[in-house]
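**Student:**
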Amino acid sequence: MKELFKRKSVQVTIGVFSIVLAVSSVHGFIGLVRQTHTRALEREFAAAMNQWEKSAPGVERAQTFVNTLKKIDPGYAPAEVKKALQDYIAALQQSLDALKAGRDTAQFDPAIAEARERVIGSVKKYD
Numbered sequence: 000m001k002e003l004f005k006r007k008s009v010q011v012t013i014g015v016f017s018i019v020l021a022v023s024s025v026h027g028f029i030g031l032v033r034q035t036h037t038r039a040l041e042r043e044f045a046a047a048m049n050q051w052e053k054s055a056p057g058v059e060r061a062q063t064f065v066n067t068l069k070k071i072d073p074g075y076a077p078a079e080v081k082k083a084l085q086d087y088i089a090a091l092q093q094s095l096d097a098l099k100a101g102r103d104t105a106q107f108d109p110a111i112a113e114a115r116e117r118v119i120g121s122v123k124k125y126d
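The numbering of the sequence shown is numbering that gives the first Met the number 0, which starts it at 0 and goes up by one.
Here you go:
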């Protein structure tokens with residue numbers, strides 16, 4: 000058995016196997032961290048939506064919702080999830096600014112709906 004491990008071919012095979020195993024383990028750990036952060040983001044997003052749905056209509060409701068979403072820390076969630084959340088917040092903020100200025104906000108509705116679907120879709124993709 001000792002002689003077997005002295006062979007170069009066996010040593011190289013064990014070395015390659017060790018490297019592949021290490022890379023696979025690191026990749027798996029990174030995936031687990033991203034999934035954990037995505038789930039945390041999903042919980043915070045759902046809580047913000049729930050709070051928004053229960054609050055009284057008005058500008059204050061929208062402002063509170065946007066502020067709550069801005070406080071969500073995406074951590075190590077995938078870039079796609081972070082970007083979708085940022086786009087959703089930006090679309091909501093534009094609509095809120097228009098509402099505060101007394102302008103029609105209907106033009107922002109498609110962008111808000113699309114951004115919301117991207118958030119939900121990207122979270123489900125990594126969940």
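Each residue gets a CB set at the ideal place from its N, CA and C atoms; glycine is no exception.
Among the residues of its own chain, which have a CB less than 6 Å from the CB of residue 12, if the five just before and after it don't count?
**Tutor:** Mapped onto the sequence shown, residue 12 falls at position 13. Counting only Cβ-Cβ distances below 6 Å, and skipping sequence neighbours, we find nothing.
**Student:** State the DSSP-derived secondary structure class of residue 24, mapped to helix, strand or coil.
**Tutor:** Locating residue 24 in the sequence shown gives position 25, counting from the first residue. DSSP places residue 24 in helix when its eight states are reduced to three.
**Student:** Determine the DSSP secondary structure at residue 109, reduced to helix, strand or coil.
**Tutor:** Along the sequence shown, one-based indexing puts residue 109 at 110. Note: residue 109 maps to helix in three-state DSSP.
**Student:** Which of the three DSSP states is assigned to residue 33 in this structure?
**Tutor:** Translated into the one-based positions of the sequence shown, residue 33 becomes position 34. If DSSP states are grouped into helix, strand and coil, residue 33 belongs with the helices.
**Student:** Using C-beta distances below 7 Å, list every residue in its chain close to residue 43, excluding the 5 sequence neighbours before and after it, in chain order.
**Tutor:** Within the sequence shown, residue 43 is the residue found at index 44, counting from 1. Once the five neighbours on either side are set aside, the close Cβ partners of residue 43 are 71.
**Student:** For residue 38, which residues in the same chain have their Cβ closer than 7 Å to its Cβ, ignoring the five residues on either side in sequence?
**Tutor:** As a working note, residue 38 is residue 39 in the sequence shown. Contacts found: 126.
**Student:** Whole angstroms is fine: what's the gap from residue 98's alpha carbon to residue 87's?
**Tutor:** Locating residue 98 in the sequence shown gives position 99, where the first residue counts as 1. Locating residue 87 in the sequence shown gives position 88, where the first residue counts as 1. Spanning the alpha carbons of residue 98 and residue 87 requires a straight line of approximately 17 Å.
**Student:** Measuring straight from C-alpha to C-alpha, what distance separates residue 124 and residue 92?
**Tutor:** What you label residue 124 is simply residue 125 of the sequence shown in a count that begins at 1. What you label residue 92 is simply residue 93 of the sequence shown in a count that begins at 1. Taking the Cα positions, residue 124 is about 26 Å away from residue 92.
**Student:** Evaluate residue 64 with the Cβ neighbour count: other Cβ atoms within 10 Å of its Cβ, from every protein chain shown; 16 or more gives buried, anything less gives exposed.
**Tutor:** Walking along the sequence shown from the start, residue 64 turns up at place 65. Answer is buried; the Cβ neighbour count reaches 16.
**Student:** DSSP three-state label for residue 88, please.
**Tutor:** Walking along the sequence shown from the start, residue 88 turns up at place 89. In this structure, residue 88 counts as helix in the three-state DSSP scheme.
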